[in-house]
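Participant: Numbering-wise (the working numbering), the sequence shown opens with residue 1 and increments by one.
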Amino acid sequence: MGVTTVRLVLGDQLTRGLSSLADLRPGDPAQVVLMVEVQEEATYVPHHRQKLVFILGAMRHFAEELRAAGVRVDYVRLDDPANTGTFTGEVARAVARHKATRLIVTEAGEWRVRRLIESWEASLGIPVEMREDNRFIASHARFDRWASGRKTYRMEFFYREMRRETGILMDGADPVGDQWNLDAENRRALPSRLPIPARSRPAPDVMTREVIDLVAERFPHGFGDLEPFGWAVTRDEALVVLDDFLMTCLPSFGDYQDAMRHGAPFLFHSTISPYLNVGLLLPREVCDAAEAEFRAGRAPLNAVEGFVRQVLGWREYVRGMYWHLGPKYAASNALGASRPLPDFYWTAQTPMRCLADSVDQVRRHAYAHHIQRLMVTGNFAMLAGVRPADVEAWYLAVFADAFEWVELPNTHGMATWADGGIIASKPYAASGAYIDRMSDYCGGCRYDVKAKSGPTACPFNYLYWAFLIRNEEILKGNPRMAMPYRTLGTWNSGRRAAVLAEAETFLDGLA
Ligand SMILES: Cc1cc2nc3c(=O)[nH]c(=O)nc-3n(C[C@H](O)[C@H](O)[C@H](O)COP(=O)(O)OP(=O)(O)OC[C@H]3O[C@@H](n4cnc5c(N)ncnc54)[C@H](O)[C@@H]3O)c2cc1C
Ligand code: SF4
1 MGVTTVRLVL GDQLTRGLSS LADLRPGDPA QVVLMVEVQE EATYVPHHRQ
51 KLVFILGAMR HFAEELRAAG VRVDYVRLDD PANTGTFTGE VARAVARHKA
101 TRLIVTEAGE WRVRRLIESW EASLGIPVEM REDNRFIASH ARFDRWASGR
151 KTYRMEFFYR EMRRETGILM DGADPVGDQW NLDAENRRAL PSRLPIPARS
201 RPAPDVMTRE VIDLVAERFP HGFGDLEPFG WAVTRDEALV VLDDFLMTCL
251 PSFGDYQDAM RHGAPFLFHS TISPYLNVGL LLPREVCDAA EAEFRAGRAP
301 LNAVEGFVRQ VLGWREYVRG MYWHLGPKYA ASNALGASRP LPDFYWTAQT
351 PMRCLADSVD QVRRHAYAHH IQRLMVTGNF AMLAGVRPAD VEAWYLAVFA
401 DAFEWVELPN THGMATWADG GIIASKPYAA SGAYIDRMSD YCGGCRYDVK
451 AKSGPTACPF NYLYWAFLIR NEEILKGNPR MAMPYRTLGT WNSGRRAAVL
501 AEAETFLDGL A
């Protein structure tokens, strides 16, 4: 009897309770789990080489786990000579190989792959069942119920509904501590002598070493250092990283959530986003684990609420918005940004120390924390008027946790305001003073953060005002932008022209 059902598991679907595996009977020879490493996925953006190792390494370990549990796994490696290099090609080969009469797959995490899957029923000539991804707290229907018919989509209101519904950090009908959001307590600058905890980073095993060698051979000129490679590639390892975070970092996570320090990539952050995004950890369990730390008196409320808001609030919200807004969301360019991405986003070669340090860190670790992404690399790209598509391609490539459903709303909405305010009520534009307040970057920079103009002035300063002048028509009426526009209102035309000219000269120099 030929095999009848093939279940395709994608590289970010590494969860035993995944919907496509729900009714799988281990030991049944008529059920095959198919996993494929394909060149088209490895190259649709120039991924950081650690991201490639992380995903391929985690896929190979997951396949082994399934095999050990008695599941029949058909695994196609990137360097298999017969590999066609595409999802569609590999699924077609597998269907023929197993004489499959049915394909089951959990929906993909982005429109591009979802469309591919939707085309398979016609091209393969067998039924293709696409199941909803059950690893989020809010289903599509739940999110759409919240979002439909709204004029504005503020995360805070969605987050409160999620808190009520899940009971996370609730005392009956009220939020623990009688406050929904303690963000105002979470903006402390980092004292210069405060020690930063060392992090638990798993060492690569033999299987991961093999993948490191494969990526080194196939992507010799790819972006990013391959070593030291310290990402977890199994659920057990990811749980160790989570525990380490809860014990050593969570108590200070809230206080220093927005802080930055030269040479300190992880600070008190969890570094679990790659694990959540490929399914080695689940959002509900990490929220529950953080809440347990609060209930046991080991972590303060501002830290735990801050963490829960990121996972239960922001993560679920951006995922909901990505699907709710549809593929056209990426097409807008509300501020008409048209410059190319400067080269230093790849090379880290810039005298602006905040940018050089952030990019260098990304090159070494495929990681930057939220404020580096939003207020350093994102802020600069927006102030400089870089094309949204260029910025998005960079964010999608360089981080170990980058998948379009989470990258796009953060980049297109939060960082560059290319969506014109659908996600963020105002652009997160800031001059050098913000970076100076939240980091120690400026002390060692060639530029003077206090100087507003002239050859030694911090470029963020004049770029900030030039940005406000350039986009005055669009932004002036925004009540949250009233303060800077009041200041700008006191400037004469000569001062405005001078700032615009200084910004243009600087930006032309970058090209
Ligand atoms: C321009 C830009 C691009 C981004 N691209 C990605 C991306 O491709 N993938 C990604 O997972 N996150 C992205 N983020 C969100 C956030 O920066 C990362 O999730 C976070 O820095 C990951 O580090 P961490 O695990 O140490 O997070 P922590 O600071 O420890 O936060 C805990 C968890 O909360 C979740 N989270 C926090 N903020 C967000 C957010 N804004 N949106 C969604 N989830 C959030 C993450 O799962 C994270 O692991 C982006 C943010 C910006 C501003
Ligand atoms: S002075 Fe300006 S460019 Fe230099 S580190 Fe500070 S903010 Fe960045």
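Glycine residues also receive a C-beta, built at the ideal position from the N, C-alpha and C atoms.
Pick out whichever of Asn461, Pro409 and Ser431 has its Cα sitting closest to the Cα of Ser332.
Facilitator: Pro409
Participant: May I ask you to verify whether the segment 272 to 279 touches the segment 203 to 214, counting CB pairs closer than 8 Å and requiring at least 3?
Facilitator: no
Participant: For Val103, report the span of its alpha helix (DSSP H) as first-last.
Facilitator: The question names Val, but residue 103 is Leu in the sequence shown. Residue range Arg102 to Thr106 is occupied by the beta strand (DSSP E) that includes Leu103, with no alpha helix (DSSP H) assigned at that position.
Participant: Going by the CB atoms, is the gap between Gly254 and Asn302 shorter than 8 Å?
Facilitator: yes
Participant: Who are the near neighbours of Arg261 in its chain, counting only those whose CB is closer than 6 Å to its CB and skipping five residues on each side?
Facilitator: Leu190 and Asp440
Participant: Where does Pro175 fall in DSSP's three states?
Facilitator: The answer is strand: DSSP assigns Pro175 an E or B state.
Participant: What's the gap between the Cα of Ala402 and the Cα of Gly494?
Facilitator: A straight line joining the alpha-carbon of Ala402 with that of Gly494 spans about 44 Å.
Participant: Which residues in the same chain have their Cβ closer than 7 Å to the Cβ of Pro484, if we skip the five residues on either side of it in sequence?
Facilitator: Taken in chain order, the residues that qualify are Leu468.
Participant: Closer than 7 Å: is that where the CB of Trp314 sits relative to any heavy atom of ligand 1?
Facilitator: yes
Participant: If you measure between the beta carbons of Arg7 and Leu24, is that distance less than 8 Å?
Facilitator: yes
Participant: In angstroms, rounded to a whole number, what distance separates the CA positions of Ser20 and Phe136?
Facilitator: 15 Å
Participant: If Gly320 and Tyr159 are in contact, beta carbons under 8 Å, what's the gap, nearest whole angstrom?
Facilitator: Contact doesn't hold; Cβ gap of about 11 Å is too wide.
Participant: Helix, strand or coil: how does DSSP classify Gln31 here?
Facilitator: It is a strand residue.
Participant: With a CB to CB cut of under 7 Å and the five nearest residues on each side skipped, what residues in its chain are close to Ala138?
Facilitator: Short of 7 Å from the beta carbon of Ala138, and not among the five residues preceding or following it, lie these beta carbons of its own chain, in chain order: Met162, Glu316 and Gly320.
Participant: Of the choices Leu116, Thr152 and Ala100, whose alpha-carbon is the least far from that of Glu107?
Facilitator: Leu116
Participant: For the segment 147 to 220, list the alpha helix (DSSP H) runs that are entirely contained and at least 4 residues long, ordered along the chain.
Facilitator: 155 to 166 and 206 to 218
Participant: State the DSSP-derived secondary structure class of Val278, mapped to helix, strand or coil.
Facilitator: helix
Participant: With a Cβ-Cβ cutoff of 8 Å, do Pro29 and Ala69 count as a contact?
Facilitator: Not a contact, by the Cβ cut-off of 8 Å.
Participant: Looking only at C-alpha atoms, which of Arg309, Phe399, Asp390 and Met438 sits nearest to Thr416?
Facilitator: Of the candidates Arg309, Phe399, Asp390 and Met438, the one whose C-alpha sits nearest the C-alpha of Thr416 is Asp390.
Participant: For Arg77, I'd like the list of residues in its chain whose CB is within less than 6 Å of its CB, leaving aside the five on either flank, ordered along the chain.
Facilitator: Glu37
Participant: Does the beta-carbon distance from Leu335 to Asn471 come in below 8 Å?
Facilitator: yes
Participant: Ignore the nearest five residues each way along the sequence and tell me which others in Ser123's own chain have a CB closer than 8 Å to its CB.
Facilitator: Thr88 and Ala92
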